[in-house]
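Data first, discussion second: the structure below is written as structure tokens.
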Amino acid sequence: MPPLAVTFDFGQTLAKLDTSLTSARLAERGLHVDPNHIEHALPIAWKAYNDAVHQGLGGHPWKILMRKLLDCAAKGADARDISQAVDFLWEQQPVKNLWRKPIPGMLELIDDLRAAKVPIGVVSNSEGRLAELIEELGWSNRFEVVADSGKLGLEKPHRAIFDWTAERLGVPVERIVHVGDSLAADVEGALGAGMSAIWFDSAAKNHTHPRCRIAHDASTTRSALESLGLFIS
């Protein structure tokens, strides 16, 4: 049976890290890091994040991601300065979320899904203020539900957050497609909950997975959704 609803991860699926803002915030702490170096270090940092999720590390692996990012991007920086910068960014994340640059074409895809009467949700391992960020960005009217792990006390890849979202969408969990960039948190979490999954990864052109579709941009995400039976205007 075709899907009835679609959920999206937020960071690195709908919005990516604003590397210029990250660089500016680090400079406030006296740590000067080129935004391009931050960009180039992201794949390594996300691997560290996925490894942490696979290992079941608690306490939100955000700091693991950011620590690895700065270890790679701020070559030669003092380890203590990096640790203090990570703590500062974590404390400031609810005030000024660093993941805020729209990924090209994804909002337009959501608008087309909504025009086709498809309910849309967000499922994110976040800090507890994701709904406020979405409102700040002017995106609130696109989503029927926002599942924020920091607010709910539930996080991916555990199925409870997917079940919570399905209940509020009013759609059986097995009739939902989840789109996300993290193999551990999004793909394996969604599949474990009974959803279909699309692995959204800009580097996914050479990736394969036996149980999910793979997309690397908005266009291939649209194609993957249509291949699952969704009609998108």
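Here the sequence shown stands for residues 72 to 304, numbered as in our numbering. Quick reminder that beta carbons are idealized off the backbone N, C-alpha and C, glycines included.
With DSSP collapsed to three states, give me the class of residue i.
| i | result |
| --- | --- |
| W170 | strand |
| A150 | helix |
| F214 | coil |
| A187 | coil |
| V244 | helix |
| V157 | helix |
| V258 | helix |
| H108 | helix |
What does DSSP give as the partner residues of residue i in its beta bridges?
| i | result |
| --- | --- |
| W270 | G251 and I285 |
| G263 | Answer is none; G263 lacks a bridge partner. |
| K87 | K172 |
| D219 | S195 |
| G82 | A86 |
| V124 | DSSP, once it has assigned bridges, lists no residue as partnering V124. |
| V77 | I191 and V248 |
Buried or exposed: residue i, going by 16 or more other Cβ atoms within 10 Å of its Cβ?
| i | result |
| --- | --- |
| E162 | exposed |
| R138 | buried |
| F81 | buried |
| H103 | exposed |
| D149 | exposed |
| A286 | buried |
| H249 | buried |
| M72 | exposed |
| F271 | buried |
| F302 | exposed |
Measure the alpha-carbon distance for residue i versus residue j and round it to whole angstroms.
| i | j | result |
| --- | --- | --- |
| S298 | Q155 | 46 Å |
| A231 | I247 | 15 Å |
| K167 | I135 | 19 Å |
| A116 | A186 | 36 Å |
| K118 | L85 | 19 Å |
| G221 | L201 | 9 Å |
| R284 | G101 | 43 Å |
| G147 | L184 | 47 Å |
| R293 | G300 | 11 Å |
| L225 | A218 | 9 Å |
| G263 | P228 | 8 Å |
| A256 | D122 | 10 Å |
| query | Taking contact to mean at least 3 C-beta pairs separated by less than 8 Å, is the segment 184-202 in contact with the segment 235-242? | reply | Cβ pair count under 8 Å is three or more, so yes.
| task | Take every Cβ of the segment 95-111, pair it with every Cβ of the segment 203-220, and state whether three or more of those distances are shorter than 8 Å. | result | As far as the Cβ criterion goes, the segment 95-111 does not touch the segment 203-220, which means the pair count is below three.
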